[in-house]
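Undergrad:
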Amino acid sequence: MIKKLFAILAALGIALAIALTALLNWPLPDTPRPGVSGDFLITNVAVIDVRNDQVVTGRDVVVRDGRIDSIGTSTPASGKSGLVVVDGTGKFLAPGLWDMHVHSLKISPQYTHPLFIANGVTGVREMWGCTPLPDSFSACGEDIERWRKGLGDHSVLAPRYIQRSSHQMNGLSPSAPAFFKARNADEAGALVAHHAADGADLLKTYDQLSMAGYEALAAEAPKHGLLLAGHLPVRISLEQAIAAGQHSIEHAGLFLRVCKRDAAAIRALQDPTAAYQLGVPARLIDEHDPKRCAELMGAMAASNTWWTPTLVALRVRALAGNREFREDPRRRYVPFIVMQTLWEMDADRTADRTAKAARESGREVHTELYRLMLANVGQAHAAGVKIVAGTDAPETYVFPGFAIHDELAELVRAGLSPADALRSATIDAARFTGQTRDYGAIEVGKVADMILLDANPLADIRNTGKIAGLFFNGQYLDRAALDGLLAFAEQQAGSVRANLQLLWGALRSPVLQGQIAD
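Start counting the sequence shown at 28; every next residue gets the next number (my numbering).
1. Can you tell which of LEU124, GLY65 and ASP76 has its C-alpha closest to the C-alpha of ILE98?
2. Within 10 angstroms of the Cβ of ASN490, are there 16 or more other Cβ atoms? Answer buried if so, exposed if not.
3. Under a Cβ-count criterion, where at least 16 other Cβ atoms within 10 Å of its own Cβ denotes burial, should ASP476 be classed as buried or exposed?
4. Just to confirm, is the Cβ distance from ALA374 to ALA347 under 8 angstroms?
5. Any idea what DSSP makes of ILE454, helix, strand or coil?
6. Which parts of the stretch 187-232 are runs of the alpha helix (DSSP H), unbroken and 4 residues or longer, counting only runs that do not cross its ends?
7. For ASP465, which residues from the same chain have a beta carbon less than 7 angstroms from its beta carbon, with the 5 sequence-adjacent residues on both sides left out?
8. Around the Cβ of ALA34, are there at least 16 other Cβ atoms within 10 angstroms (buried) or fewer (exposed)?
9. If I measure Cβ to Cβ from ILE144 and keep anything under 8 angstroms in the same chain, skipping five residues before and after, which residues do I get?
10. Taking the continuous alpha helix (DSSP H) assigned at ALA104, which residues delimit it?
11. Kindly indicate which three-state DSSP category GLY521 falls into: helix, strand or coil?
12. Quick one: complete alpha helix (DSSP H) runs, 4+ long, within the stretch 415-466?
13. Within the same chain, show all residues whose beta-carbon is closer than 6 angstroms to that of ASP419, passing over the 5 residues directly before and after it, in chain order.
14. Determine, using beta carbons only, whether GLY117 and PHE363 come nearer to each other than 8 angstroms.
15. Report the three-state DSSP secondary structure of GLN528 (helix, strand or coil).
16. Please report the residue range of the beta strand (DSSP E) in which GLY257 lies.
17. Where does SER388 fall in DSSP's three states?
18. Can you give me the Cβ contacts of LEU530 inside the same chain, cut-off strictly under 6 angstroms, excluding the 5 residues immediately before and after it?
19. Where do the N-terminal and C-terminal ends of the alpha helix (DSSP H) with GLY325 fall, by residue?
20. To the nearest angstrom, how far is it from the Cα of THR335 to the Cα of GLY109?
21. Straight-line CA distance for ARG450 to TYR397?
22. Count the other C-beta atoms from every protein chain shown that fall within 10 angstroms of the C-beta of GLU351, then say buried if there are 16 or more, exposed otherwise.
23. Residue range of the alpha helix (DSSP H) that TYR241 falls in?
24. Run the CB neighbour count on GLN528, radius 10 Å, all protein chains shown included, and call it buried at 16 or more, exposed below.
25. If we ignore side chains and look at the alpha-carbon of each, how far apart do HIS315 and LEU283 end up?
26. Distance, Cα to Cα, MET324 vs GLY492?
27. Distance, Cα to Cα, ASP313 vs LEU443?
28. Could you give the C-beta distance for SER163 and GLY405, rounded to a whole number, given that I count them as a contact under 8 angstroms?
29. Under a three-way DSSP split, which group does PRO299 fall into?
30. I'd like the span of the beta strand (DSSP E) that includes GLY147, first residue to last.
31. Hey, would you say LEU124 sits closer than 8 angstroms to ALA486, going by beta carbons?
32. So what's LYS473 in DSSP terms, helix, strand or just coil?
33. Is DSSP giving PHE119 helix, strand or coil here?
34. According to DSSP, is GLU277 helix, strand or coil?
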């Protein structure tokens, strides 16, 4: 009897293993492609002129072969032949939005891509590269090149990957070869050559880079046509980054750190990171030097260094204990493995730290800190610092696609006008990447990536989220098609198969292992 029981259990175990293996290897469905292909005529639409901050009403816009063919006051009947007519009466036509700081996953076709497209995000800058080791969780160069190729032959629906970065250059990376430490000129040269051969556009600087490593990377990057973009390493001053030609600096905490009164002394410490971990929040507020900040903002404005604040990725520190924030209905679009094992745990830890800081200081330190970041963004913009919109999606409570609308609203809250904010995700983003010939505005000859809105975003930036339709890559997706993409994303977020594959990939990922070790 016992032998039979063991035999049955063994058989069940084998069957379960076979079923689990099948689930882990069964290909997931690709993002649907529900759009209508062809040439289009958008009639009687109000065009948002992002260059001149104005609305031009009563325009007929003709799109042929995926590009804007003409913009006029009317189209004769003879000119409508062969065109799919879209009624733009009462609607507003704006350029497609670019999210200039995202992280893609192997399951992006089931998770982030449909959410980006459904929210009018037609272009992204990928900021999460891979080590030389194959990765099972993060999207690597070959994934992005496959999506780019698929977009070109219309076999894939994904945003345009405008630029992609290297793996973070952090001076550590225990899961990677020794040259990834970038400790000297030889290692930096090998690292830059590796990422150039891999097809990266950007070298992503990170917190722990040494001065020698940073300087070597800055010297090597131009030899391969690469740009520096990423964090400002803790040992590097903003002036040094500007002098080195760093193309962009990420995240709204930039001026908190560099404007701290003893910032230079901290940079000179053997372990400057440790100094920032001791009572940091209150000290960053209380020791903020507005005069020094104004000087640094002026220097940055006079340079070619841009700023991507990613405010929505940082507000969780102030809102992690807020029930309404945590119960956002858009949670249904996030895979439950991501929500429960990453987002919820991270938000819980953040809420605990925030509460502890409040008890110890007798003040809502993290709320004050976020308000200071908002003020910094507004002051930097007023000083002329060049800003592009990015979200850091899918960081904790940063909902891919939706987050770009949240970010634009936060930029306006910081002091930018709706027109300024809209430019940061359209024409300024194209200018940042050197692609204004093809993208960023609604002008004849440009690629016709455009969102059709139900309300004017220059009157209220939140209107960028009121999308009636999307023109993208030679197709038109009406509201029903966009809703279909949202339904697909929601279905995949709840799919056991998709979540098991996501979890299994995360457990085996060298990129995640390296970040945890860092």
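We treat Cβ as the ideally placed atom computed from N, Cα and C, and that holds for glycine.
Please read these numbers as outputs of a predicted model, since none were measured by experiment.
TA: On the basis of the coordinates in this document:
1. The residue labelled residue 98 in the question sits at position 71 within the sequence shown. Answer by Cα proximity: ASP76.
2. In the sequence shown, residue 490 corresponds to position 463, counting from 1. Buried is the call here.
3. As a first step, residue 476 must be located in the sequence shown, where it is residue number 449. That one is buried.
4. In the sequence shown, counting from the first residue as 1, residue 374 sits at position 347. In the sequence shown, counting from the first residue as 1, residue 347 sits at position 320. It is a contact, given that the beta carbons lie within the stated cut-off.
5. To locate residue 454, count along the sequence shown from 1; it is residue 427. Reduced to three states, the DSSP call for ILE454 is helix.
6. 212-225
7. The residue you call residue 465 lines up with position 438 of the sequence shown. Within the same chain, ASP465 has close Cβ partners LYS473 and VAL474.
8. Here residue 34 refers to the residue found at position 7 when the sequence shown is read from its first residue. Reliability fails at ALA34, whose pLDDT of 47 lies under 50, so the model's placement of it is uncertain and the value that follows must be treated cautiously. Classification for ALA34: exposed.
9. Translated into the one-based positions of the sequence shown, residue 144 becomes position 117. Closer than 8 angstroms at the Cβ level, and outside the excluded window around ILE144, lie THR58, LEU184, ALA185, PRO186, GLY428, LEU497, PHE499, LEU504, LEU509 and LEU512.
10. On the sequence shown, position 77 is the one that residue 104 refers to. Careful: ALA104 lies outside any alpha helix (DSSP H) and carries neither H nor E.
11. As a first step, residue 521 is located in the sequence shown; it is residue number 494 there, counting from the start. GLY521 falls in the coil class under three-state DSSP.
12. 429-441, 445-451 and 454-459
13. As a working mapping, residue 419 is identified with position 392 in the sequence shown. Correct list, in chain order: HIS128, THR337, ALA340 and VAL425.
14. Taking the sequence shown and counting its residues from 1, the one referred to as residue 117 is at position 90. Taking the sequence shown and counting its residues from 1, the one referred to as residue 363 is at position 336. Going by C-beta atoms, GLY117 is not nearer than 8 angstroms to PHE363.
15. The residue given as residue 528 occupies position 501 in the sequence shown. In this structure, GLN528 counts as helix in the three-state DSSP scheme.
16. Within the sequence shown, residue 257 is the residue found at index 230, counting from 1. Its beta strand (DSSP E) spans residues 254-257.
17. In the sequence shown, the residue the question calls residue 388 occupies position 361. Residue state, collapsed to three classes: helix.
18. Walking along the sequence shown from the start, residue 530 turns up at place 503. ILE364, listed in sequence order.
19. For this step, residue 325 is matched to residue 298 along the sequence shown. 317-328 is the span of the alpha helix (DSSP H), which, as asked, contains GLY325.
20. Locating residue 335 in the sequence shown gives position 308, where the first residue counts as 1. Locating residue 109 in the sequence shown gives position 82, where the first residue counts as 1. About 42 angstroms.
21. In the sequence shown, the residue the question calls residue 450 occupies position 423. In the sequence shown, the residue the question calls residue 397 occupies position 370. Cα to Cα, ARG450 sits roughly 23 angstroms from TYR397.
22. Here the question's residue 351 lines up with position 324 in the sequence shown. Exposed, by the Cβ-count rule.
23. Residue 241 sits at position 214 when you count from the first residue of the sequence shown. Looking at the DSSP string, the run of the alpha helix (DSSP H) that includes TYR241 is 238-247.
24. On the sequence shown, position 501 is the one that residue 528 refers to. Its Cβ being crowded by 16 or more others within 10 Å, GLN528 is buried.
25. What you label residue 315 is simply residue 288 of the sequence shown in a count that begins at 1. What you label residue 283 is simply residue 256 of the sequence shown in a count that begins at 1. Approximately 7 angstroms, taken between the alpha carbons.
26. Within the sequence shown, residue 324 is the residue found at index 297, counting from 1. Within the sequence shown, residue 492 is the residue found at index 465, counting from 1. Going from the Cα of MET324 to the Cα of GLY492 covers about 31 angstroms.
27. For the purposes of this step, residue 313 is identified with residue 286 of the sequence shown, where counting begins at 1. For the purposes of this step, residue 443 is identified with residue 416 of the sequence shown, where counting begins at 1. Taking the straight line joining both Cα atoms gives about 25 angstroms.
28. Here the question's residue 163 lines up with position 136 in the sequence shown. Here the question's residue 405 lines up with position 378 in the sequence shown. That belief does not hold up - the Cβ atoms of SER163 and GLY405 are roughly 42 angstroms apart, past 8 angstroms.
29. Counted from its first residue, the sequence shown places residue 299 at position 272. In this structure, PRO299 counts as helix in the three-state DSSP scheme.
30. By one-based count along the sequence shown, residue 147 stands at place 120. Here GLY147 belongs to no beta strand (DSSP E), and DSSP marks it neither H nor E.
31. Here residue 124 refers to the residue found at position 97 of the sequence shown. Here residue 486 refers to the residue found at position 459 of the sequence shown. Against a cut-off of 8 angstroms, the Cβ pair of ALA486 and LEU124 comes out as no contact.
32. In the sequence shown, counting from the first residue as 1, residue 473 sits at position 446. LYS473: coil per DSSP, three-state reduction.
33. To locate residue 119, count along the sequence shown from 1; it is residue 92. Strand at PHE119.
34. Residue 277 sits at position 250 when you count from the first residue of the sequence shown. Three-state result, GLU277: strand.
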